[in-house]
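Numbering (the numbering used here), first residue to last: 546 to 800.
Glycine included, every Cβ here is placed at the ideal spot set by N, Cα and C.
Notes follow once the structure below has been shown.
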């Protein structure tokens, strides 16, 4: 579709050139009038091409967003399984520890031993808190997948206030940056992505954040810094999908 539109624009330009050649015998004032019309037509075509280019960029951003969303869902599922497995193993470990203590305790203290059996209670509270965190994150993420970016950003901010060290805090911070990036609010996006690097330096989302920071630096007329950021990404995460995208970007933009 995009190729067809560009081809149509080029054909219009060629046609306007042929019209100019045919009307080269007109009087000067007529030629000026024709020229003005052609300039206006050319200006309209250039504006249209610029709009199409922005549309392509937005579509690419949304495609990347959907791809990242799928990866995040897969990672979230794996994290959830690991979290459940860890919580299931904790009570048995506590029981083993209490059993070890009981075997060494004097017989007169055996009546006090049943109290440690209540230790699973804190685990139940933690599981409930994790379930609340899961629901809050999922609600914000669903809005993001529906392209309701402002609403999604609001929920992600609330999530980070409530669960700053939660299981999904780094993901929430990354997607908060994405909500601004997709809407081309580069200043806010840059702030959020840098916050991810500062607060969650070990997050799997660091490479993606560095990639977007490099893109933003280029789009805000700082190609030198963009190259430095993307080169750092390639060196820190060689072979990653983010590194491959960074290499392609550097090559395409001739940085």
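Selected residue, minimal CA-CA separation from residue 702, among 778, 733, 782, 599 = To locate residue 702, count along the chain shown from 1; it is residue 157. Ranked by Cα distance from residue 702, the options 778, 733, 782, 599 are led by 733.
Excluding the 5 residues preceding and the 5 following residue 762 in the sequence, name in chain order all residues of the same chain whose CB lies nearer than 7 Å to its CB.
-> As a working mapping, residue 762 is identified with position 217 in the chain shown. Correct list, in chain order: 770, 771, 774.
Note down, in chain order, each residue of its chain lying with its Cβ closer than 8 Å to the Cβ of residue 790, except the 5 sequence neighbours on either side.
-> For the purposes of this step, residue 790 is taken as the residue at position 245 of the chain shown. Around residue 790: 756.
Assign residue 589 to buried or exposed, taking buried as 16 or more other Cβ atoms, counted over all protein chains shown, within 10 Å of its Cβ.
-> As a first step, residue 589 is located in the chain shown; it is residue number 44 there, counting from the start. In summary, residue 589 is exposed, with fewer than 16 beta-carbon neighbours lying within 10 Å of its beta-carbon over all protein chains present.
Check whether residue 782 and residue 752 have beta carbons under 8 Å apart = Within the chain shown, numbered from 1, the residue matching residue 782 stands at position 237. Within the chain shown, numbered from 1, the residue matching residue 752 stands at position 207. With a cutoff of 8 Å on beta-carbon distance, residue 782 and residue 752 are scored as near each other.
What span of residues does the alpha helix (DSSP H) with residue 718 cover, start to end?
-> Residue 718 sits at position 173 when you count from the first residue of the chain shown. According to the DSSP assignment, residue 718 belongs to the alpha helix (DSSP H) that extends over 714 to 727.
What residue range is occupied by the uninterrupted alpha helix (DSSP H) comprising residue 789?
-> Reading the chain shown from its first residue, position 244 is the one you call residue 789. Residue 789 -> alpha helix (DSSP H) spans 786 to 798.
Specify, as a first and last residue, the run of the alpha helix (DSSP H) that residue 733 falls within.
-> On the chain shown, position 188 is the one that residue 733 refers to. Note, residue 733: alpha helix (DSSP H), 731 to 744.
For residue 711, which of helix, strand or coil comes out of DSSP?
-> Numbered from 1 along the chain shown, position 166 holds the residue referred to as residue 711. Coil at residue 711, not helix or strand.
Pair every Cβ in the segment 592 to 602 with every Cβ in the segment 719 to 727, then say whether three or more of these pairs are closer than 8 Å.
-> Verdict: no, contact absent.
Thinking C-alpha only, which one of 784, 682, 780 is nearest residue 712?
-> The count along the chain shown starts at 1 and reaches residue 712 at position 167. Of 784, 682, 780, the residue nearest in Cα terms is 682.
Beta-carbon contacts of residue 690 that lie in its chain and below 6 Å, excluding the five residues immediately before and after = The sequence position of residue 690 within the chain shown is 145, counting from 1. The residues are 614.
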